[in-house]
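First up is the structure itself, then whatever we jot down about it.
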Amino acid sequence: MISIENVSKWYSDFQVLDDCTTEVAKGEVVVVCGPSGSGKSTLIKCVNGLEPVQKGTIRVEDTEVTAKRTNLTKLRSRIGMVFQHFELYPHMSVRANLCLGQEKVLKRSPDEANEKAESLIDRVGLKEHIEKYPGQLSGGQQQRVAISRALAMDPIAMLFDEPTSALDPEMINEVLDVMVELAQDGMTMMVVTHEMGFARKVADRVVFMDEGSIVEDRQTEAFFGNPESDRAKDFLSKILNH
Amino acid sequence: MGDFDYNVIIQNLPFLWQGLQLSLWLTFLAILGGIALGTGLALMRLSGFLPLSLFAATYVNLIRSVPLILVIFWFYFLVPLAIGRPIGGFYSALIAFVMFEAAYYSEIIRAGIQSVRTGQVQAGQATGLNYWQIQRYVVLPQAFQNMIPILVTQGIILFQDTSLVFVVSLRDFMTVSSIVARTEGRLVEMYFFAAIVYFVICFAGSLFVRRLQMARTS
């Protein structure tokens with residue numbers, strides 16, 4: 188469903204992505220991990236065109252994201268995205284956050300949008316908070332709202348950019364639980380995260396990045412059981428030995 | 045100050061009130077128009093489309109390097125030439141104020157827009173909202189919330205600046221006060237009274253701004 192072919196990207200002289208190639212099939216969950224500054228967040232933001240690339244091709248279903256003529260707005264409305272810092276609209280209630288895209292992009296009626304918003308917010312256990320503003324919620328609650336906001340658009344795939352990195356430790360699980368459930372429901376997901384427990388549990392494949400390149404791209408079992416590269420071994424030993 | 049004559053003020057209150065109404069009405073309309081046009085200019089400047097941003101930048105810098113009184117003169121004499129008939133002092137002054145204040149408001153609004161985090165724009169983009177929808181529903185509401193104190197402050201300055209309309213023979217509060225002062229021969233009383241009225245209105249505005257800022261930081 189998502190295919191990334193020989194993608195390279197530069198910030199002026201500095202190369203952030205170096206000939207990256209990978210894919211995410213329909214219904215697959217792919218975890219992208221690696222040390223900070225390795226280009227994982229940049230890569231995932233290229234998938235829905237939030238970041239342009241200078242070389243290579245990215246396709247989502249039959250749409251070529253990297254082609255000049257592509258209607259990015261239309262493409263983005265079909266791919267959900269969850270950000271590290273939630274990025275809920277602070278001046279709108281939870282309900283309005285969930286309805287904005289539905290009404291303005293998908294042209295759903297207010298009734299339809301509200302119904303969808305209520306059922307999604309109920310699913311993440313925040314029914315009684317629907318009239319509140321993001322500032323009145325904890326980080327974990329905000330991120331669950333952000334996931335619901337993305338799901339309200341009925342996306343064909345979901346992108347997660349370090350969804351738990353900005354959370355206090357005790358709130359990480361409530362967000363991961365929602366993501367696990369989503370994965371088990373068959374959602375196509377590309378997830379940038381350091382949560383290796385999550386990766387082990389639901390990922391079909393793990394992509395390991397370092398210094399802008401994809402160093403390993405393997406089945407989850409194989410990646411954790413027997414990483415090939417020294418860099419991945421080193422990374423795993425640092426992140427798992429606590 | 046023994047012979048301070050309060051009666052001259054009281055007797056002329058209806059006339060003075062007319063002047064004050066004109067000043068306040070002009071201020072109100074100029075703020076509305078200035079913010080509307082200023083928002084447009086700010087969006088053009090930040091659009092990333094070179095001809096638009098160049099036009100907005102040139103406009104803002106040009107207007108800001110000209111004294112307001114000159115702009116008022118321009119519109120008083122130029123607009124009738126351009127449209128072929130006189131439009132009167134009030135409308136020419138209003139156009140001048142809107143065009144002039146828009147340049148200042150656009151700089152305030154531009155800063156306000158830039159104060160909204162890029163992540164908010166990305167969130168809007170990721171949902172499939174287009175550029176204008178993102179500005180309208182996500183960026184501008186947050187930008188204006190951040191900007192209200194400084195917008196009000198600019199409004200206070202604008203209120204004081206409306207006293208310049210005497211050059212196109214409009215009877216604003218300041219002009220009316222001068223007329224009374226000269227015809228009644230009571231300069232001290234009238235200029236003292238005018239100063240107090242300006243002070244009270246502007247100080248009330250400043251207090252309002254301070255309350256807004258306190259509310260934001262608490």
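If you're matching them up, the sequences are chains W and Z in order. Here our numbering is used: the first residue of the first sequence is 188, the next is one more, and so on. Here our numbering is used: the first residue of the second sequence is 45, the next is one more, and so on. Note that the Cβ used here is the ideal one computed from N, Cα and C, for glycine as well. Predicted model only: the values in this text are computed from it and were never measured.
Between Z:A239 and the set Z:F217, Z:Q62, Z:T171, the nearest pair of CA atoms involves Z:F217.
Contact of W:R263 with chain Z is assigned, a C-beta pair being separated by under 8 Å. Z:M218: member of the alpha helix (DSSP H) spanning 217-228, first to last residue. Put simply, the CB of W:M268 is near chain Z, with a gap under 8 Å to one of its CB atoms. The stretch 182-196 of chain Z makes contact with the stretch 148-162 of chain Z; the number of CB pairs closer than 8 Å reaches 3 or more.
Taking 4 residues as the shortest admissible run, the stretch 317-365 of chain W contains the following complete alpha helix (DSSP H) segments, listed from N- to C-terminal end: 326-338. Taking C-beta atoms as the reference points, W:S223 and W:M396 fail to come closer than 8 Å. Neighbours of W:P277 across chain Z, judged by C-beta separation under 8 Å: Q186. At a cut-off of 8 Å between C-beta atoms, W:T250 does not count as an interface residue with respect to chain Z. For the pair W:V252 and W:V379, the CB atoms are not nearer than the 8 Å cut-off. Using a CB distance cut-off of 8 Å, Z:G92 does not count as an interface residue toward chain W.
A distance below 7 Å between beta-carbons, with the five flanking residues on each side excluded, links Z:A137 to the following residues of its chain, in chain order: L70, I116, V209, V212, L214.
Rounded to the nearest whole angstrom, the CA to CA distance from Z:Y242 to Z:T206 is 11 Å. Under the rule that a run must span 4 or more residues, the alpha helix (DSSP H) segments found entirely inside the stretch 358-408 of chain W read 383-389.
In the structure shown, the three-state DSSP call for W:N235 is coil. Not flagged as an interface residue toward chain Z: W:M396, since no C-beta distance is shorter than 8 Å. The C-beta of W:V217 has 16 or more other C-beta atoms within 10 Å across all chains shown, which makes the residue buried. The straight-line gap separating the alpha-carbon atoms of W:E408 and Z:L87 is approximately 51 Å. By DSSP's assignment, W:E192 forms a beta bridge with W:T244. Selection W:L324, W:L259, W:A339 evaluated against W:K294 yields W:A339 as nearest (Cα-Cα). For W:E415, the secondary structure class from DSSP, reduced to helix, strand or coil, is coil. Counting only Cβ-Cβ distances below 8 Å, Z:G132 has no contacts in chain W at all, with the closest Cβ about 41 Å away. Under a 10 Å Cβ-count criterion, Z:M258 is classified as exposed, with fewer than 16 other Cβ atoms of the shown protein chains found around its own Cβ. When the five nearest sequence neighbours on each side are left out, the beta carbons in the same chain lying within less than 6 Å of the beta carbon of Z:A140 are those of V115, I116, F119, in order along the chain. For Z:G163, the chain W residues whose C-beta falls within less than 8 Å of its own C-beta are F270, H272, E274, listed in chain order.
Residue burial annotation: W:Y198 is exposed, with fewer than 16 other C-beta atoms found within 10 angstroms of its C-beta.
Its Cα nearest to that of Z:E145, the residue Z:V110 stands out among Z:Y175, Z:V110, Z:G168.
At a C-beta separation below 8 Å, W:K303 has no neighbours in chain Z, since its nearest C-beta there lies roughly 14 Å away. Neighbourhood of W:G288 in chain Z, by CB distance below 8 Å: T171, G172, L173, in chain order.
In the three-state reduction of the DSSP assignment, W:E210 falls in the strand class. Taking C-beta separations shorter than 6 Å and ignoring five residues to either side along the sequence, the partners of W:F270 in its chain run D348, following chain order. By the criterion of at least three beta-carbon pairs nearer than 8 Å, the stretch 225-236 of chain W is in contact with the stretch 371-387 of chain W. With respect to the 8 Å criterion, Z:G199 and Z:G249 are classified as neighbours on the basis of their beta carbons. Across the set Z:I152, Z:G168, Z:I113, Z:A101, the C-alpha of Z:G168 shows the shortest separation from the C-alpha of W:P277. Taking one beta carbon from each stretch, the stretch 295-304 of chain W and the stretch 260-267 of chain W have fewer than 3 pairs nearer than 8 Å; the two do not touch. Under the three-state reduction of DSSP output, W:Y276 falls in the coil class, being neither helix nor strand.
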